[in-house]
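Residue 349 in our numbering sits at position 5 of the sequence shown; the count goes up by one each step and never skips.
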Amino acid sequence: MQLVTYVVAAGPRVGAVVGDGIVDISRHVSGAPGDMIALIREWKTLRPRLEQAMAGRPDQSLSSVRLRAPILRPGKILAIGLNYLDHIAETGAERPAHPTFFAKMPTATNGPFDPIELPAVSKALDYEAEMVVVIGRRCRNVPRARASEAIFGYCVGNDVSVRDWQKRTQQWVIGKSFDTHAPFGPWITTASDVNAHALGIRSFVNGEPRQSSNTAQMLFDCAAQIEHLSQAMTLEPGDLIFTGTPSGVGMARTPPVWLNPGDVVRIEIDRLGAIENRVEQGSGALRME
Ligand code: MN
């Protein structure tokens with residue numbers, strides 16, 4: 345099943361994709377929440393009722409609405425660095441013994457087709473095609489063998505990176521957390537629908553192929569990532585894990601090639617869909633509310 349957050353005049357709604365249409369979940373499933381994280385929390389009881397509703401006519405065509413980030417405000421966005429063998433090789437880094445995690449701040453959340461900002465303070469803007477795990481259960485100390493129970497679904501993501509800010513200190517967090525730099529979507533594909541470690545993953549800039557690999561190439565797979573993270577922290581419904589990028593990022597080219605205003609970055613993953621974000625120049629203007 346594919347679940348979307350989309351906008352109508354009255355505000356954001358959650359829906360299920362049926363063909364080229366959307367079934368408005370809270371309209372057809374009485375008592376269903378209009379928010380994706382609440383929906384994930386109640387998924388066990390809601391799913392059978394939603395499946396019934398999906399047999400009816402869709403409420404909207406998919407093309408007539410603006411899709412937002414499937415989860416508007418994730419509690420946590422975790423991301424693993426250096427997780428595809430081909431990307432480790434292109435960065436010249438050693439193969440890591442332990443998974444290297446950093447955080448992207450929730451304010452970086454962005455929609456699947458919304459602009460990404462080239463910040464006024466940098467020119468070194470780069471893309472990273474990534475599969476994104478959506479956590480489905482509140483959990484801690486999850487052993488590898490049970491990690492699949494903690495996964496609600498998967499999305500396509502772009503771990504947009506400001507390379508000079510990322511590299512000039514030992515901490516990557518700021519360089520990975522600029523506003524708009526965590527676009528994902530276009531929907532959540534529920535975990536039971538895909539084998540997540542057998543999917544082609546690709547990126548394009550203005551239609552030119554830049555990355556092409558397969559999620560089978562991950563050094564630490566999704567289960568290993570959940571096992572590792574949950575030894576430290578409680579994972580919660582709607583938390584995201586960006587699971588790493590393959591080779592072909594702009595930083596690794598000779599000379600490096602950065603994103604410019606007007607460039608369109610497309611990330612696609614087999615069976616999970618595609619997201620497409622245009623680069624816009626940020627003004628650097630003061631904003632205070
Ligand atoms: Mn990344």
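The beta-carbon is built from N, C-alpha and C at its ideal position, and this holds for glycine as well.
Residue i in three-state terms, based on DSSP
| i | result |
| --- | --- |
| residue 590 | coil |
| residue 531 | strand |
| residue 512 | coil |
| residue 434 | helix |
| residue 481 | coil |
| residue 417 | coil |
| residue 607 | coil |
| residue 392 | helix |
| residue 405 | strand |
| residue 470 | strand |
| residue 376 | coil |
| residue 505 | strand |
| residue 612 | strand |
| residue 537 | helix |
| residue 453 | strand |
| residue 630 | coil |
| residue 359 | strand |
| residue 519 | helix |
| residue 426 | coil |
| residue 354 | coil |
| residue 399 | coil |
Closest by C-alpha distance to residue i, when choosing among the options
| i | options | result |
| --- | --- | --- |
| residue 564 | 362, 511 and 428 | 428 |
| residue 540 | 411, 566 and 379 | 566 |
| residue 351 | 416, 573 and 364 | 416 |
| residue 629 | 463, 491 and 471 | 463 |
| residue 399 | 367, 607 and 576 | 367 |
| residue 481 | 620, 376, 383 and 592 | 383 |
| residue 370 | 348, 363 and 627 | 348 |
| residue 364 | 380, 603, 345 and 407 | 407 |
| residue 626 | 381, 529, 516 and 460 | 460 |
| residue 611 | 529, 585 and 511 | 529 |
| residue 544 | 505, 617 and 409 | 617 |
| residue 373 | 390, 386 and 514 | 390 |
| residue 568 | 420, 448 and 487 | 487 |
| residue 393 | 381, 375 and 380 | 375 |
| residue 560 | 574, 578, 571 and 538 | 538 |
| residue 430 | 588, 602, 622 and 600 | 588 |
| residue 619 | 504, 574, 600 and 598 | 504 |
| residue 613 | 411, 624, 590 and 631 | 590 |
| residue 440 | 562, 592 and 579 | 562 |
| residue 572 | 467, 388, 444 and 403 | 444 |
| residue 597 | 377, 395 and 433 | 433 |
| residue 493 | 411, 579 and 446 | 579 |
| residue 419 | 584, 470 and 355 | 584 |
| residue 457 | 476, 592, 498 and 414 | 414 |
| residue 448 | 484, 412, 607 and 526 | 526 |
| residue 425 | 557, 474 and 362 | 474 |
| residue 472 | 423, 495, 489 and 512 | 423 |
| residue 604 | 360, 436, 467 and 386 | 467 |
| residue 602 | 508, 377, 386 and 478 | 508 |
| residue 581 | 570, 546, 633 and 483 | 483 |
Environment of residue i [buried if 16+ CB atoms lie within 10 Å]
| i | result |
| --- | --- |
| residue 555 | buried |
| residue 535 | buried |
| residue 502 | buried |
| residue 533 | buried |
| residue 442 | exposed |
| residue 405 | exposed |
| residue 465 | exposed |
| residue 357 | buried |
| residue 552 | exposed |
| residue 621 | buried |
| residue 353 | exposed |
| residue 599 | exposed |
| residue 515 | exposed |
| residue 396 | exposed |
| residue 576 | exposed |
| residue 513 | exposed |
Quick one: residues with CB closer than 5 angstroms to any heavy atom of the ligand MN, in chain order, please. In chain order, the hits are 472, 503 and 589.
Would you list, in sequence order, the uninterrupted alpha helix (DSSP H) runs of no fewer than 4 residues that lie entirely inside the stretch 543 to 602? Runs of the alpha helix (DSSP H) inside the stretch 543 to 602: 566 to 576.
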